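Asker: Heads up: take any position in the sequence shown, counting from 1, add 9, and you land on our numbering. Quick reminder that beta carbons are idealized off the backbone N, C-alpha and C, glycines included. Here the structure is a predicted model, which means the values were calculated and not measured. Okay, handing you the structure first.
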Amino acid sequence: MLRKKTRWPSRRIILDTAGTGPLVSTAGSEPGSAKIITEGEEAMAIEALRQTELAGWKVRRGKVRDIYDLGDELLIVATDRLSAFDCVLPSPIPHKGRVLTLLSRFWFHYFADRCRHHLIAVVDRDVPQGFEPIADQIRGRSMRCRKTEVVPIECVARGYLAGSGWKEYQQRGTVCGIQLPPGLRQCDPLPEPIFTPATKAETGHDENISFEEACRIAGRETMTELRDKTLTLYRDAARYAKGRGIVLADTKFEFGRTPDGILLIDEVLTPDSSRFWPADRYEPGRDQESYDKQFVRNYLQALCDRGEWDKTDPAPSLPQDVIQATSGRYIEAYERITGEHFET
Ligand SMILES: Nc1ncnc2c1ncn2[C@@H]1O[C@H](COP(=O)(O)OP(=O)(O)OP(=O)(O)O)[C@@H](O)[C@H]1O
Ligand SMILES: [Mg+2]
10 MLRKKTRWPS RRIILDTAGT GPLVSTAGSE PGSAKIITEG EEAMAIEALR
60 QTELAGWKVR RGKVRDIYDL GDELLIVATD RLSAFDCVLP SPIPHKGRVL
110 TLLSRFWFHY FADRCRHHLI AVVDRDVPQG FEPIADQIRG RSMRCRKTEV
160 VPIECVARGY LAGSGWKEYQ QRGTVCGIQL PPGLRQCDPL PEPIFTPATK
210 AETGHDENIS FEEACRIAGR ETMTELRDKT LTLYRDAARY AKGRGIVLAD
260 TKFEFGRTPD GILLIDEVLT PDSSRFWPAD RYEPGRDQES YDKQFVRNYL
310 QALCDRGEWD KTDPAPSLPQ DVIQATSGRY IEAYERITGE HFET
């Protein structure tokens, strides 16, 4: 059952014309451009956050998140940035950061009795001291988390044959070196979920590695624990998602060390860290529709086919209809998984 719709407090649109591009932009507006918004338009305009900036604070920016060091804690702000074909696109996607944050919170709570995690609280009314100037930007989209020493391995669980796994299987009959039975089709379920670690590359693609290689990097005891945890969490989440009409084909977890043990960190089981397929359209033997980024990929691929982009930076901005459709897909993923209405 969906909850009754209530409105997220509306905020003014702030546009920055000072060269670095808008900190907050209306969907589809060009980076660096200013737009005067009339009253009528403002009601319709949907704002999106491309990056945060706060004088006096050093920020570390990932592809999607801005990370502030609060001492013992981190403030992890999920912006509305979207990456596709390994490039961060200039057009932010309205609501995306809040969807990622609230979906991660849903899963942290869902797993709470089975897995210790880094989430202290989603920032809502009370913002951390010093963050008052950007309170409206960070509310609902940021998490106060325990600071950890990140285990430099992406812990991937795969239950279906897709992406780089399908490519390797066609060439060698294996996925990340794990032998699989012959005759599997693209996107077929695997006989059982497998653990396929990857390095956390500073730049460029993360690289798949064998379990033995992961043990050399992070230690056998740690990797054995993380492999078992990863597969247990994946199985549980996949069963849950299936009941809500989503095939969870694969996902990536990250873990971090603290003095009192290993915690599940980062984002959890979002469309950015996982392959979600709509179960009613799932059909092995072909590529599946990506739940969230299909419209973006189709649009960008068409540009590439016409020779107008080559999948390197800078990426082109997206048209309004692609931005809106993508935003809608993120929200749909949230609502399907949680069964809750997403307040826009
Ligand atoms: N509790 C935590 N302690 C320390 N680092 C964390 C914690 N949770 C998440 N991180 C790190 O914060 C970053 C999140 O930002 P984002 O998701 O935008 O990065 P990314 O582009 O995926 O980058 P990366 O390739 O470094 O993972 C990641 O580098 C992640 O490893
Ligand atoms: Mg990330």
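E62: beta carbon under 6 Å from a heavy atom of ligand 1?
Answerer: Answer for E62: no, Cβ out of range of ligand 1.
Asker: For G316 and T157, what's the separation of their Cα atoms in angstroms?
Answerer: Using only the alpha carbons, I get a separation of about 44 Å.
Asker: Output the distance between the C-alpha atoms of I226 and P202, rounded to the nearest integer angstrom.
Answerer: Their Cα atoms are separated by approximately 23 Å.
Asker: Identify, in the order they occur along the chain, each residue of the same chain with its Cβ nearer than 6 Å to the Cβ of R236, setting aside the five sequence neighbours on each side.
Answerer: F204, listed in sequence order.
Asker: Buried or exposed: which applies to G348, given that a residue is buried once 16 or more other Cβ atoms fall within 10 Å of its Cβ?
Answerer: Exposed: under 16 other Cβ atoms inside 10 Å.
Asker: Using a Cβ-Cβ cut-off of 7 Å, state whether L109 counts as contacting chain B.
Answerer: Here chain B cannot be found, since the structure has a single protein chain.
Asker: Have a look at A250 and G65 and give me their C-alpha separation to the nearest angstrom.
Answerer: Distance between the alpha carbons of A250 and G65: 42 Å.
Asker: Which residues does DSSP list as the beta-bridge partners of V331?
Answerer: According to DSSP, V331 bridges with nothing at all.
Asker: Count the other CB atoms, across all protein chains shown, that sit within 10 Å of the CB of D275; report buried if there are 16 or more and exposed otherwise.
Answerer: D275 is buried by the Cβ-count criterion.
Asker: Entirely within the segment 224-254 and at least 3 residues each: give me those beta strand (DSSP E) ranges in chain order.
Answerer: Correct list: empty.
Asker: Exposed or buried, E51, counting other C-beta atoms within 10 Å across all chains shown (16 or more means buried)?
Answerer: Interpretation of E51 is limited by its pLDDT of 39, a score under 50 that renders its predicted location unreliable; no figure is taken from the coordinates.
Asker: Mind checking T35: buried by the 16 CB within 10 Å criterion, or exposed?
Answerer: For T35, the predicted structure reports a pLDDT of 46, less than 50, and the residue's modelled location is therefore unreliable. A value from the coordinates is still provided. Classification for T35: buried.
Asker: Assuming T208 contacts E216 under a Cβ cut-off of 8 Å, what Cβ separation, rounded to an integer in Å, is found between them?
Answerer: Contact flag correct, Cβ pair sits at about 5 Å.
Asker: Between which two residues does the alpha helix (DSSP H) harbouring I203 extend?
Answerer: Note, I203: premise wrong, no alpha helix (DSSP H); beta strand (DSSP E) at 198-204.
Asker: Express the C-alpha separation of C185 and I218 in angstroms, rounding to a whole number.
Answerer: Cα to Cα, I218 sits roughly 7 Å from C185.
Asker: Nearest by alpha-carbon distance to G172: which of L84, D289, Q195, R290 is it?
Answerer: Residue Q195 is the option with its Cα nearest to G172.
Asker: Which residue comes first and which comes last in the alpha helix (DSSP H) that contains W175?
Answerer: Start and end: 172-181.
Asker: For P280, does the count of other Cβ atoms within 10 angstroms reach 16, so buried, or fall short, so exposed?
Answerer: With 16 or more other Cβ atoms within 10 Å, it is buried.
Asker: Could you tell me the distance, in whole angstroms, from the CA atom of G49 to the CA atom of L242?
Answerer: In this prediction, G49 scores a pLDDT of 39, lower than 50, which makes its location untrustworthy; the coordinate-derived value is nonetheless stated afterwards. Cα-Cα distance, rounded: 47 Å.
Asker: By how many angstroms is the C-alpha of R59 removed from the C-alpha of A311?
Answerer: The straight-line gap from Cα to Cα measures roughly 25 Å.
Asker: For Q333, I'd like the list of residues in its chain whose CB is within less than 6 Å of its CB, leaving aside the five on either flank, ordered along the chain.
Answerer: The answer is none, since no qualifying residue turns up.
Asker: Alpha carbon to alpha carbon, how far is E263 from L278?
Answerer: Near 11 Å, if we compare the C-alpha coordinates of L278 and E263.
Asker: Go ahead and pull the three-state DSSP assignment for Q195.
Answerer: If DSSP states are grouped into helix, strand and coil, Q195 belongs with coil.
Asker: Who are the Cβ neighbours of L193 in its own chain at under 8 Å, not counting the five residues just before and after it?
Answerer: Once the five neighbours on either side are set aside, the close Cβ partners of L193 are L170, Y178, L199.
Asker: Please list the segments of the beta strand (DSSP E) lying wholly inside the segment 70-146, counting only runs of 3 or more residues, in order along the chain.
Answerer: 74-78, 82-87, 128-131, all fully within the segment 70-146.
Asker: DSSP state of E344, grouped into three classes?
Answerer: Looking at E344 - three-state DSSP - the assignment turns out to be helix.
Asker: Is there at least one non-hydrogen atom of ligand 1 closer than 6 Å to the beta-carbon of V108?
Answerer: No, since every heavy atom of ligand 1 falls outside the 6 Å radius drawn around the Cβ of V108.
Asker: Using the three-state DSSP reduction, which class does L309 fall into: helix, strand or coil?
Answerer: Note: L309 maps to helix in three-state DSSP.
Asker: Identify whether Q297 lies in helix, strand or coil by the three-state DSSP scheme.
Answerer: Three-state result, Q297: coil.
Asker: For E39, collect the residues of the same chain with a Cβ closer than 7 Å to its Cβ; drop the 5 residues on either side in sequence, then sort them by chain order.
Answerer: Reliability fails at E39, whose pLDDT of 40 lies under 50, so the model's placement of it is uncertain and no value is given.
Asker: Quick check on E352: does DSSP put it in helix, strand or coil?
Answerer: Looking at E352 - three-state DSSP - the assignment turns out to be coil, as it is neither helix nor strand.
Asker: If you draw a straight line from the C-alpha of G294 to the C-alpha of F115, how long is it?
Answerer: Straight-line Cα distance between these residues: approximately 32 Å.
Asker: Measuring from the CB of V159, is there a heavy atom of ligand 1 at a distance below 6 Å?
Answerer: Under cutoff, so the answer is yes.
Asker: Please name the residue or residues paired with F304 in a DSSP beta bridge.
Answerer: Answer by DSSP bridge pairing: none, since F304 is not bridged.
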